[in-house]
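Top line first, the protein sequences correspond to chains A and B.
Heads up, the first sequence is in this note's numbering, so the first residue is 44 and it goes up one at a time.
Heads up, the second sequence is in this note's numbering, so the first residue is 41 and it goes up one at a time.
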Amino acid sequence: GAVVSQHPSWVICKSGTSVKIECRSLDFQATTMFWYRQFPKQSLMLMATSNEGSKATYEQGVEKDKFLINHASLTLSTLTVTSAHPEDSSFYICSLGTGVYEQYFGPGTRLTVT
Amino acid sequence: RKEVEQDPGPFNVPEGATVAFNCTYSNSASQSFFWYRQDCRKEPKLLMSVYSSGNEDGRFTAQLNRASQYISLLIRDSKLSDSATYLCVVNKRGSYIPTFGRGTSLIVHP
């Protein structure tokens, strides 16, 4: 399967600051990546679909101005949480599809906003 | 009704036991089905795809019942290392976008 990395794996920031999370595909050219959020004991919730070279497609209820996604190359997508608040504290995971409907996930980024 | 439903458990079983999980889906147009495993504070990892004919991988067997719209995962001879949350994932026909169940927690004890 494809190998996906995320950076940072863990971040603590103050309320009001912005945090950028990187998702890299190490061995696969990903035209599409997905961003998820997972709260404790909850399922993964798809936030947006990131398309290389075009605007991301956001799921209903996800603020596109707050969660900025940039997919500038076939191996890198970034998610920026702008003006973070404590309620944004969560586990953020990216994944890429390989064309056969299976998903390969990055190791996740645990964000804590104080 | 949620698109993908799972019993959250936890299922608490002794080593060596056989345990089965079910997952129901509401969209009859669903086409692709998967089981993922997620360890605490880790990302999900693909366990197995679920085909119409069913499939088996070692101690794990997955089945699909389209008529009743559910998939199942059977784990035989449970190991301590099988303790994890098992996520059911369903894709609609022609879509790469998956829908996740909330997961079923399995705890295997000595």
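Just so it is clear, CB atoms sit at the ideal spot from N, CA and C, and this is done for glycine as well.
The structure presented is a predicted model; accordingly, all values stated were derived computationally and were not measured.
I'd like to confirm the pairing. Which residues does DSSP put opposite B:ARG81 in its beta bridges?
Beta-bridge pairing links B:ARG81 to no other residue.
On the criterion of 16 or more Cβ atoms from any shown chain inside 10 Å, does A:HIS128 qualify as buried, or is it exposed?
exposed
Less than 8 Å between CB atoms is the rule here; does B:SER66 satisfy it with respect to chain A?
no
Flag B:PRO84 as yes if its beta-carbon sits less than 8 Å from any beta-carbon of chain A, otherwise no.
yes
Just checking, does the stretch 139-148 of chain B make contact with the stretch 55-63 of chain B on the three C-beta pairs under 8 Å criterion?
yes
Sequence-distant residues of its chain with Cβ nearer than 7 Å to A:ILE136 (five each side left out):
TYR79, GLN81, LEU87, PHE148, GLY149 and GLY151
Report the rounded CA-to-CA distance for B:SER118 versus A:LEU122, giving the unit in angstroms.
38 Å
Name the one or two DSSP bridge partners that B:ASP97 has.
Partner residues in the beta bridge of B:ASP97, as assigned by DSSP, are B:PHE100.
Does any CB atom of chain A fall closer than 8 Å to the CB of B:PHE74?
yes
Please list, in chain order, the residues of the stretch 130-149 of chain B that have any C-beta partner in chain A closer than 7 Å.
ASN131, TYR136, ILE137, PRO138, PHE140, GLY141, ARG142 and GLY143
A:LYS63 lies in the beta strand (DSSP E); which residues open and close that run?
62-68
Kindly say whether B:SER70, judged by its beta-carbon, lies nearer than 8 Å to any beta-carbon of chain E.
No chain E is part of this structure, whose protein chains are labelled A and B.
At which residues does the beta strand (DSSP E) containing B:PHE61 begin and terminate?
59-65
Less than 7 Å between C-beta atoms, sequence neighbours within five positions excluded: which residues of the same chain meet that for B:ASN67?
GLU43 and LYS132
Hey, out of B:ASN52, B:GLU45 and B:GLN46, whose CA is closest to B:LEU120's CA?
Residue B:ASN52 is the option with its Cα nearest to B:LEU120.
Listing by chain order, which chain B residues have their CB less than 8 Å from the CB of A:PHE148?
Result: GLU83, PRO84 and LYS85.
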